[in-house]
Amino acid sequence: MSDANPPPSDDYKFSLGHDNDACINQTSPICFNTAVSGQNIITGLWFNTIIGLVLLLLFIWLRGVFRFYQARLLSPHVERKPPAMKLKGHHRLWSWLKPVFSVPDEELLRSSGLDALVATRIIGFGVTLLAPMAVLGVTVLLPINYVDDYYETSARANDLTDRFTSVFSRLTMSNIRPGSPLMWIHFTMVYVFVGWTCWLTVEYYKEYIVIRQAYLVNVGLGG
Numbered sequence: 001m002s003d004a005n006p007p008p009s010d011d012y013k014f015s016l017g018h019d020n021d022a023c024i025n026q027t028s029p030i031c032f033n034t035a036v037s038g039q040n041i042i043t044g045l046w047f048n049t050i051i052g053l054v055l056l057l058l059f060i061w062l063r064g065v066f067r068f069y070q071a072r073l074l075s076p077h078v079e080r081k082p083p084a085m086k087l088k089g090h091h092r093l094w095s096w097l098k099p100v101f102s103v104p105d106e107e108l109l110r111s112s113g114l115d116a117l118v119a120t121r122i123i124g125f126g127v128t129l130l131a132p133m134a135v136l137g138v139t140v141l142l143p144i145n146y147v148d149d150y151y152e153t154s155a156r157a158n159d160l161t162d163r164f165t166s167v168f169s170r171l172t173m174s175n176i177r178p179g180s181p182l183m184w185i186h187f188t189m190v191y192v193f194v195g196w197t198c199w200l201t202v203e204y205y206k207e208y209i210v211i212r213q214a215y216l217v218n219v220g221l222g223g
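In UniProt numbering, the protein residues as written are 1 to 223.
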């Protein structure tokens, strides 16, 4: 006897692919547009930049209006209060910036506790992690991607190119020809980035353990 439910043939896969292609740019609720152009990236960049600036200005203005931004400074239950900041006039524009970069970990630990210190160190971890990656990406990977012309040649052959999309796509791996020896540089960078991430994570955990143990000992001794 033959199987009641034979496996799908290759024709089924091709049919499924054609059905998915038919969904692109349609209004059906089960369809969605996966095509992203360079103009979409430019629009998103401007939109998010404007939103970020608006939120930053709101924070600068509201921190001098609402008291909860100075909760630890005003609360009678906090014994070790943080230093007061200038919130009048133009001082509110930058008075919060200097403490972000100048307050040592010991002072932050004494005045705000372990949770606040860990939160700031997490942000510092992100900056320390991503900054070298960004430098390597801009100085090594972007030039390698940009010198080839695989994407532009393929896009022109299929009449799919536009000015913004061509510029952004030439900065990505999609501009490197399949089988090119330049792919080994990207392969190597994957291990460099993963290795840097693992090493930095271990180092930050070591520092956290030391800080936490010192904090618990200090609290236990009534310090």
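We put the beta carbon where it would ideally sit given N, CA and C, even for glycine.
For the alpha helix (DSSP H) containing residue i, name the first residue and the last one.
i    : result
F101 : L97 to S102
P178 : Note, P178: premise wrong, no alpha helix (DSSP H); not H, not E.
V127 : L114 to L136
L73  : A71 to L74
Go ahead and pull the three-state DSSP assignment for residue i.
i    : result
P82  : coil
K88  : coil
G64  : coil
P143 : helix
R170 : coil
L182 : coil
D105 : helix
W94  : coil
D21  : Reliability of the predicted coordinates at D21 is poor, the pLDDT of 48 falling under 50, and no value is obtained from them.
F32  : Bear in mind that the predicted position of F32 carries a pLDDT of just 49, short of 50, making it unreliable; the figure below should be weighed with that in mind. Note: F32 maps to coil in three-state DSSP.
Which residue wins for smallest C-alpha separation from residue i, given the options the options?
i    : options                   : result
R63  : L117, T197, G89 and N48   : G89
Y151 : T197, F168, L114 and W96  : F168
W184 : E207, A214 and V140       : V140
Q213 : L114, A131, I50 and W196  : L114
Q70  : W46, L56 and L87          : L87
H77  : P99, V210 and S112        : S112
R170 : H186, F101, T153 and P181 : T153
H91  : T43, W61 and M133         : W61
V118 : L45, L56, Y208 and K98    : Y208
L129 : T49, G195, G52 and A116   : G195
G137 : L45, V103, H186 and P104  : H186
Compare the C-beta of residue i against all C-beta atoms of chain D and say whether one is closer than 8 Å.
i   : result
K88 : The structure shown contains no chain D, having only a single protein chain.
| query | Using 8 Å as the threshold, is the segment 101-117 in touch with the segment 73-87, meaning 3 or more CB pairs across them? | reply | yes
| message | I'd like to know if the segment 121-140 and the segment 187-203 are in contact, where contact means that at least 3 CB-CB pairs between them fall below 8 Å. | response | Yes, the segment 121-140 touches the segment 187-203.
| request: Take every Cβ of the segment 140-147, pair it with every Cβ of the segment 175-184, and state whether three or more of those distances are shorter than 8 Å. | output: A contact exists between the segment 140-147 and the segment 175-184.
| Could you give the uninterrupted runs of the alpha helix (DSSP H) lying entirely in the segment 186-223, keeping only those of 4 residues or more? | none
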